[in-house]
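Colleague: Right, I'll just put the structure down here and ask away after.
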Amino acid sequence: MTSLEKLKKLDIQTALLFEKLESETGNKLDYSKNKWSILQILYHVWLAEISSEKYIRTKTKYPETIVNTPVLAYVKAFLTKYFLKFGFTVNAPKVTTEFPEKICLKELKSNWKSSRLSFSKLIIDLDQKNLSNKAIFKHALMGRINMSLTLYFFKLHFHHHQKQIDKILARKII
2 MTSLEKLKKL DIQTALLFEK LESETGNKLD YSKNKWSILQ ILYHVWLAEI SSEKYIRTKT
62 KYPETIVNTP VLAYVKAFLT KYFLKFGFTV NAPKVTTEFP EKICLKELKS NWKSSRLSFS
122 KLIIDLDQKN LSNKAIFKHA LMGRINMSLT LYFFKLHFHH HQKQIDKILA RKII
């Protein structure tokens, strides 16, 4: 599967989640009991993606500094999947944990669509420059990773937080 196909698949899953959430009340979306609300979780996942894109765009301005993706990154990616699956948590980078006072689901959906379009253009650009297989991103757990592993992280991250959202939705909130 190409990087664009992986992103498209993630787009579909994101759209389905937003579709499900649009039928929920504001109380349920804003509810947080010493944890992030559904809207904050979504905002965090979106921030992680746009921050990653920003990093990649900056890093690829200097292609001579980009190294090959280490084989160990694939092992770490595999381990990260199980790390998350078994419920281990990682402190998110500070930049992805700062939320506005009010988060609007409709606005977040629109921003996410725009950022995914921008990311698809980045994929095309990096493919043309033969940089997609290089270590264009530095992930906290996986280390230096290429575009394919970056999208793998996006997928893992999205699904990890989608489970959190599903748990919140299953609760009876008064």
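Using the working numbering, the first residue of the sequence shown is number 2, and each one after it goes up by one. The beta carbon of each residue, even a glycine, is placed where N, CA and C say it ideally should be.
#1: For a minimum of 4 consecutive residues, which ranges assigned as the alpha helix (DSSP H) are wholly contained in the stretch 46 to 116?
#2: From the DSSP output, in three-state form, read off LYS7 for me.
#3: From what residue to what residue does the beta strand (DSSP E) around LYS139 run?
#4: For SER111 and SER38, I'd like the C-alpha separation in whole angstroms.
#5: What is the rounded straight-line gap between the Cα of TRP113 and the Cα of ILE57?
#6: In terms of residue numbering, what span does the beta strand (DSSP E) encompassing ARG145 cover?
#7: Closest to PHE87 by CA distance: which of LEU157, ALA171 and HIS45 is it?
#8: On the CB-based measure, 16 or more other CB atoms within 10 Å of its CB, does ARG145 come out buried or exposed?
#9: With 16 other CB atoms within 10 Å as the buried threshold, where does ARG172 fall?
#10: Can you tell me the Cα-Cα spacing of LYS135 and PHE159, whole angstroms?
#11: Do ALA141 and THR97 have their C-beta atoms closer together than 8 Å?
#12: Which residue from LYS122, LEU152 and LEU106 puts its Cα closest to that of PHE19?
#13: Buried or exposed: LYS89, going by 16 or more other Cβ atoms within 10 Å of its Cβ?
#14: Do you know offhand how far GLN165's Cα is from LYS21's?
#15: From the DSSP output, in three-state form, read off LYS21 for me.
Modeller: On the basis of the coordinates in this document:
#1: Counting only unbroken stretches of 4 or more residues, the alpha helix (DSSP H) elements lying wholly within the stretch 46 to 116 are 72 to 86, in sequence order.
#2: helix
#3: 138 to 140
#4: 19 Å
#5: Straight across, the Cα-Cα distance linking TRP113 with ILE57 is about 17 Å.
#6: That run of the beta strand (DSSP E) goes 144 to 146.
#7: LEU157
#8: So ARG145 counts as buried.
#9: exposed
#10: PHE159 has its alpha-carbon roughly 23 Å from the corresponding atom of LYS135.
#11: No, they are not a contact pair.
#12: LEU106
#13: Residue identity differs from the one stated: residue 89 is Phe in this sequence, not Lys. By the neighbour-count rule (16 or more Cβ atoms within 10 Å), PHE89 is not buried but exposed.
#14: 14 Å
#15: helix
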